[in-house]
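To start, the structure under review is shown below, and the notes come after it.
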Amino acid sequence: MARRGIRYQLFILTSKVAISTLVLLSVVYSMYITVFSDGYDEFSWIPSVHDWILTLISGVLSSFVALGFAWLFARKVIIPLNAVALSARKIAEGQLSERVSHNGDEIFETALLINDFNSMADKLEIMSNEMKKWNAAIAHELRTPVTVLQGRIQGIRDGVFDASEQQFEILLDQTKGLSRLIDDLRVLSLSDSGQLYLYRETLQLDLLIAETVALFEDDFRVRAINPVIEAQPLSVFLDKFRFIQVLTALLGNALKYSDAGQLLVTCGMSGDHIMITVEDEGPGINAKEADKIFDAFYRTDSSRNNETDGSGLGLAVVSSIIRAHGGSVKCRQSRLGGSCLELKIPVASK
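This is the structure we're talking about:
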């Protein structure tokens with residue numbers, strides 16, 4: 001690769017110019033001696049007319065050779081660099097779809113520069129589109145609770161609604177939803193910026209799972225969901241607050257989207273990793289959507305068709321927290337017939 005770089009190309013180009021000029025001058029001088037031998041005086045130090053003609057012809061021909069190689073160099077290096085600069089200015093002006101085309105004649109390093117520039121432009125366009133989607137999604141998620149709050153408060157002020165305990169419960173529920181949304185967005189923002197810091201402590205994971213499942217007991221009973229815990233006694237070194245967020249999001253997701261039946265929560269060791277799974281009996285998740293459910297604001301087709309609460313951030317928060325612990329998450333087919341959300345976390349030393 002190094003031999004095909006710009007320095008090598010410049011060395012070859014200047015060498016070609018020098019050799020071509022030398023050959024050209026030798027040929028012209030030989031022709032001059034042959035054709036104008038009568039007017040040539042080898043003992044004279046004063047240039048004759050023929051000498052001036054020879055010098056002029058040699059200079060003109062050498063200039064043409066140099067210009068030819070300069071044009072070739074410009075086509076291989078300067079023109080592609082100008083194209084990159086022009087595209088960079090267009091992207092700076094907001095034309096994120098702008099790309100640089102290969103002319104087929106550029107040298108290796110210039111071609112690499114074009115490829116890297118186009119790759120950077122692709123990522124910028126993707127980030128811009130993702131930002132637009134995020135802004136639209138956040139605005140959508142904020143619209144409902146804010147509209148409800150505004151309408152209820154205005155109704156109470158105008159006497160349309162009584163200032164009863166029921167009305168305040170409705171307002172409180174909406175503010176709780178807003179608080180959860182803001183907390184989830186904060187976790188994702190910290191994760192994206194690499195500032196999701198963990199405060200690890202020693203805890204008994206099997207007991208923490210049992211305590212968190214117990215919080216959903218009444219809700220599971222209403223949905224006819226039977227939670228079953230199969231957890232090995234494990235003393236782990238994790239961020240307790242963040243891990244409660246993970247378990248709450250997983251169980252809340254199961255509560256919203258699982259069919260009635262068994263909900264299996266397991267916890268154990270798999271090599272040097274902690275393995276946690278949450279499995280249900282259905283309806284399951286399409287294989288094409290399995291990798292997307294951990295994206296922020298993503299909802300499966302079934303959840304779009306059903307009127308379910310939630311911002312679509314829960315599993316994205318799970319993924320961010322588990323990755324901060326150095327682990328991974330995935331969705332696969334459950335042995336119960338539905339979906340299985342699997343978490344793997346490396347064992348951390350104290």
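Numbering (the UniProt record's numbering), first residue to last: 1 to 350. Note that beta-carbon positions come from the ideal geometry of N, C-alpha and C, so glycine has one too.
- Bounds of any alpha helix (DSSP H) do not take in HIS273; it lies within the beta strand (DSSP E) bounded by 273-280.
- The beta-carbon distance between ILE244 and THR202, rounded to whole angstroms, is 15 Å. This is too long to meet the 8 Å contact definition.
- Judged by DSSP secondary structure, GLN195 falls outside any alpha helix (DSSP H); it is assigned neither H nor E.
- Annotation: the continuous alpha helix (DSSP H) that includes VAL246 extends over 240-257.
- Annotation: PHE216 to VAL246 spans about 14 Å, alpha carbon to alpha carbon.
- Between ILE79 and ILE19, the alpha-carbon positions lie close to 25 Å from each other.
- Taking C-alpha positions only, LEU181 is separated from THR248 by approximately 14 Å.
- For the 8 Å CB-CB criterion, HIS325 and ILE345 form a contact.
- Rounded to whole angstroms, the gap between the alpha carbons of ALA260 and GLY314 is 21 Å.
- Sorting VAL160, CYS331, VAL187, GLY155 by C-alpha distance to the C-alpha of ILE321 places VAL187 at the top.
- In the displayed model, LEU264 falls within a strand according to three-state DSSP.
- THR277 sits away from CYS331, with the two beta carbons spaced by 8 Å or more.
- Taking TYR298 as the centre and dropping the five residues before and after it, the same chain places the C-beta of LYS292, GLY312 closer than 7 Å to its C-beta, in chain order.
- Nearest in C-alpha terms to ARG335, of all of VAL160, PRO283, SER119, is PRO283.
- Under the rule that a run must span 4 or more residues, the alpha helix (DSSP H) segments found entirely inside the stretch 192-237 read 205-215, 217-222.
- Collapsing the DSSP output to three states places PRO346 in a strand.
- Residue environment for GLU93: exposed (fewer than 16 other C-beta atoms within 10 angstroms of its C-beta).
- The three-state reading of DSSP puts LYS330 in strand, counting E and B together.
- A Cβ-Cβ distance of about 7 Å is found for the pair THR266 and ALA231, placing them in contact under the 8 Å criterion.
- Note on geometry: alpha-carbon atoms of ALA88 and GLU106 lie some 18 Å from one another.
- Residue pairing for MET269: DSSP places it in a beta bridge opposite ILE274.
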